């Protein structure tokens, strides 16, 4: 609960507090589901504890709310440290998502305590980033590229080199027509990660968008195909244009028709283009699954 100071000014609760056996679940287990909680097991007679506790408090406050410190006097509250197997103090145990995940014994110097907390916070943020990536992927799949881009941006603010987030952001930029920005985003992907599946999908989407940008109006292409069903180039271009508009089924139909009519046309271009579409859509997309099945039936019938 917040406290009132200086004539009614509301201040945030302190990130350091004492706990009891009865309050342990609320102060540590439940609180650790929101941010990491360090539990400092100490006793008044413990000299090293008196050295460590101020260092812990300083380091946790420096984390600016990304972690909390809960102190437990083992003389007053022996049952929980006993259940946890704490046999010597000072002992610090870190809890994340309701579970003990790390800890150390003894009075460490300030630099090591700070490093311990920084690693703990980074690990927690990594979990949060995974959740954010799932939200962003879902938003992009539903066609909300702007919302997805905002979420990918949050991930990149925490970890500028996050490859799935870079790939996702590039796909958002392709979806909104900002192809130059998509190129710049993909250029940030480390060379060692250039073969990542998410990066390949983003690159394929960019290349498809660039190809579609050079095509004529869909109506003209449709008229060419209707006038001459054997005009494979027009049918191929129409497929790209339809895909650029989000009509995956139409793109599949025309490219598969080219493969069916003339597999070798333009050095197997239609089949190769289908493979690129599958890369851009992703292996589990319904259009990819259906397209691979239909392509196989043509190639191996």
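In our numbering, the protein residues as written are -12 to 288.
Beta carbons are placed, not taken as given, at the ideal position from N, Cα and C, and that holds for glycine.
In this text, all values refer to a predicted model and were calculated from it rather than measured experimentally.
Bounding residues of the alpha helix (DSSP H) (the contiguous stretch that carries residue i)
i           : result
residue 34  : 34 to 49
residue 5   : Not the alpha helix (DSSP H): residue 5 falls in the beta strand (DSSP E), residues 3 to 5.
residue 137 : 132 to 145
residue 170 : 166 to 173
residue 15  : From DSSP, residue 15 is part of no alpha helix (DSSP H); its letter is neither H nor E.
residue 158 : 150 to 162
residue 275 : 273 to 286
residue 67  : 66 to 70
Sub-7 Å separation of residue i and residue j beta-carbons
i           : j           : result
residue 54  : residue 23  : yes
residue 186 : residue 152 : no
residue 191 : residue 263 : yes
residue 224 : residue 208 : yes
residue 119 : residue 142 : yes
residue 247 : residue 285 : yes
residue 268 : residue 274 : yes
residue 227 : residue 200 : no
residue 166 : residue 196 : yes
residue 18  : residue 58  : no
residue 193 : residue 169 : yes
residue 85  : residue 138 : no
residue 76  : residue 144 : no
residue 180 : residue 161 : no
residue 66  : residue 7   : no
Bounding residues of the beta strand (DSSP E) (the contiguous stretch that carries residue i)
i          : result
residue 27 : 24 to 29
residue 55 : 55 to 60
Distance between beta carbons of residue j and residue i, contact taken as under 8 Å
i           : j           : result
residue 173 : residue 157 : 5 Å
residue 260 : residue 242 : 6 Å
residue 100 : residue 46  : 5 Å
residue 35  : residue 93  : 6 Å
residue 28  : residue 87  : Wrong, their Cβ atoms sit about 12 Å apart, outside the cutoff.
residue 12  : residue 43  : That pair is no contact at about 21 Å.
residue 177 : residue 130 : About 30 Å; that fails the 8 Å criterion.
residue 229 : residue 205 : 7 Å
residue 163 : residue 132 : 5 Å
residue 56  : residue 25  : 5 Å
residue 244 : residue 279 : Between residue 279 and residue 244 the Cβ distance is about 16 Å, and since that is not below 8 Å, they are no contact.
residue 103 : residue 91  : 6 Å
Beta bridge counterpart(s) of residue i as assigned by DSSP
i           : result
residue 124 : DSSP, once it has assigned bridges, lists no residue as partnering residue 124.
residue 90  : 80
Subject >> Unbroken stretches of the alpha helix (DSSP H), 4 residues or longer, contained in the stretch 188 to 268 >> reply: Those alpha helix (DSSP H) runs which fall completely within the stretch 188 to 268 and span 4+ residues are 205 to 214, 219 to 231, 235 to 248, 256 to 268.
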